[in-house]
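These notes are about the structure you will find just below.
2 protein chains.
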Amino acid sequence: MDIQSFFPYRIAVFSERVSQCIAQVYRERFGLTRDEWRVIAALAEAGKVRTAWIIDKTTLEKMQVSRAVARLERDGLLERLPDPDDGRGWLLRLLPAGKALYAKVVPMVQARETFLLDALAPDEREVLDRALTKLSERAEVLVRQG
Amino acid sequence: MDIQSFFPYRIAVFSERVSQCIAQVYRERFGLTRDEWRVIAALAEAGKVRTAWIIDKTTLEKMQVSRAVARLERDGLLERLPDPDDGRGWLLRLLPAGKALYAKVVPMVQARETFLLDALAPDEREVLDRALTKLSERAEVLVRQG
DNA sequence: TATTGTTATACTCTATAACTATA
DNA sequence: TATAGTTATAGAGTATAACAATA
Chain W
57 MDIQSFFPYR
67 IAVFSERVSQ
77 CIAQVYRERF
87 GLTRDEWRVI
97 AALAEAGKVR
107 TAWIIDKTTL
117 EKMQVSRAVA
127 RLERDGLLER
137 LPDPDDGRGW
147 LLRLLPAGKA
157 LYAKVVPMVQ
167 ARETFLLDAL
177 APDEREVLDR
187 ALTKLSERAE
197 VLVRQG
Chain X
57 MDIQSFFPYR
67 IAVFSERVSQ
77 CIAQVYRERF
87 GLTRDEWRVI
97 AALAEAGKVR
107 TAWIIDKTTL
117 EKMQVSRAVA
127 RLERDGLLER
137 LPDPDDGRGW
147 LLRLLPAGKA
157 LYAKVVPMVQ
167 ARETFLLDAL
177 APDEREVLDR
187 ALTKLSERAE
197 VLVRQG
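The listed protein sequences correspond, in order, to chains W and X. Numbering of the first sequence is given in the numbering used here, commencing with residue 57 and proceeding in unit increments. Numbering of the second sequence is given in the numbering used here, commencing with residue 57 and proceeding in unit increments.
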C-alpha cells in the first residue's frame, strides 16, 4: 500500500490545505476561530434561529457551539434572546457588528473558492459534486457500523 | 452564501468523516495515533530510510515525526540506526512487531477504502482523481500567497 | 553559518461527562 | 424521564522557538 495514493490520506492532506486557504482569511485577518466562523456563516443566512439549528447546520457539537456563541456574544457580534417556545433554549441573531464582519469575510473566501473551482471544467465540477455526495454517504455507513 | 454548499466546508466535513472511518481501525482497534499510523505506513513501503524522507512522505512536521518515532521505538515497533552518511540523522526501519501490526491494519483500511470507492464508476473515479490534483495545486498557490 | 532532529513551553482543541433548568 | 445548553476537567494535538550536534 502506497500511503500517498491511499484515498483517505489524499483527502486528509487536500482538506487540510483547502481549510488553510480559508482560515488565512477568517483567522489571520479577522481573528475568528473555525467554530466562530461557522456559527457566523450559519447565522448570517438564517436571521434568528435556535441553537439546535446551528448545531445541525455547522456539524459542530453542542459544546463547541456553546463556547463559540459565548465568545461571539462577549465580542458584541451576536445576541441571545430567550426562546418563547422553550425556556431552556435561546434564539440567536447576528448584531450589526457581526453582519458587518460577515460582509467583509464572505467576498474574500468566495473569491478563494472561485479560484479553486475555476481549475475544473463544468462537467468535472458536476462529477466531483456527485462523487462527494456518494462517498460521503458510504463513509457515514462505515462510521456508524464502527 | 450557504455554508453547506460552500466547497471548503463540504470538503472539511467529508474529510473528517473519511478520516474517522480509517481512524476507527488504527486507533480504536490498534491504539495508534494518526501520526504513528502514517509513519508506520510510510516505513512499511520503504525499508530503511532517513527521517527527512518520512517527513516528506507523511506531510507531518519534523517535531510530530520525532515524537511519533520515539513512541514507536519505545513500543518496539521500529528501530533507529545511526546514519553513516550524516551523523546528525537516523535511519529508521520497522521491526518485526511493526511489520506484523502493519500487515494486520492494511487489509482492514484497504477494505474500507474499497467500499468507499466502489460507490463510483471508473470514469467518475478518474475525474475525481484529476480534480483533486488540480484543486490541490490551486490550494497550494493560495496558501503560499497568504 | 546552515541543517537535523530533540526538547520545552504554552496554547488550542477534543472528548466525556456532570450539571442546571426546563419540558 | 428526557432534553437544551453550560461548565468542568483531563487528555491530545498544535505551533513556536530554543537547543545540541553535526555539516
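Ideal placement from N, C-alpha and C gives every residue a C-beta, glycine not left out.
Report the neighbours of residue i on chain X: residues whose CB is nearer than 8 Å to its CB, in chain order.
{"i": "R94/W", "result": "I59, Y65"}
Under the three-state reduction of DSSP, which class applies to residue i: helix, strand or coil?
{"i": "L148/W", "result": "strand"}
{"i": "E207/X", "result": "Residue 207/X lies beyond the range of chain X shown here (57 to 202); nothing can be said about it."}
{"i": "P138/W", "result": "strand"}
Round the Cβ separation of residue i and residue j to the nearest angstrom and send it over; I've been treating them as touching at under 8 Å.
{"i": "A97/X", "j": "M57/W", "result": "7 Å"}
{"i": "V74/W", "j": "A195/X", "result": "5 Å"}
{"i": "L147/W", "j": "R106/W", "result": "6 Å"}
{"i": "Q60/W", "j": "V199/X", "result": "Wrong, their Cβ atoms sit about 19 Å apart, outside the cutoff."}
{"i": "E92/X", "j": "A124/X", "result": "5 Å"}
Is the CB of residue i under 8 Å away from at least one CB in chain W?
{"i": "I78/X", "result": "yes"}
{"i": "V162/X", "result": "yes"}
{"i": "T115/X", "result": "yes"}
{"i": "L172/X", "result": "yes"}
Mind listing the chain X neighbours of residue i? Cutoff is C-beta to C-beta under 7 Å, in chain order.
{"i": "S192/W", "result": "F70, R73"}
{"i": "R168/W", "result": "L198"}
{"i": "A153/W", "result": "Those do not exist, as A153/W stays about 18 Å from chain X at its closest Cβ, beyond 7 Å."}
Any beta carbon from chain X within less than 8 Å of residue i's own beta carbon?
{"i": "E135/W", "result": "no"}
{"i": "D175/W", "result": "The question names Asp, yet the displayed sequence has Ala at residue 175/W. Yes - at least one Cβ of chain X is within 8 Å of the one on A175/W."}
{"i": "G202/W", "result": "yes"}
{"i": "A187/W", "result": "yes"}
{"i": "A195/W", "result": "yes"}
{"i": "L184/W", "result": "yes"}
{"i": "E129/W", "result": "no"}
In chain W, which residues lie with their C-beta within 9 Å of the C-beta of residue i?
{"i": "F62/X", "result": "I78, A97, V165, Q166, E169"}
Taking C-beta pairs closer than 8 Å, name the residues in chain W that residue i reaches, listed in chain order.
{"i": "E101/X", "result": "M57, D58, I59"}
Check whether the segment 142 to 161 of chain X touches the segment 85 to 96 of chain X, counting contact only when three or more Cβ pairs, one atom from each stretch, lie closer than 8 Å. yes
Are at least three pairs of beta-carbons, each pair with one atom in the segment 96 to 111 of chain X and one in the segment 57 to 72 of chain W, less than 8 Å apart? yes
Are the segment 164 to 183 of chain W and the segment 168 to 188 of chain X touching, with three or more C-beta to C-beta distances below 8 Å? yes
Kindly confirm or deny that the segment 128 to 138 of chain X and the segment 112 to 120 of chain X touch, where touching means at least three C-beta pairs closer than 8 Å. no
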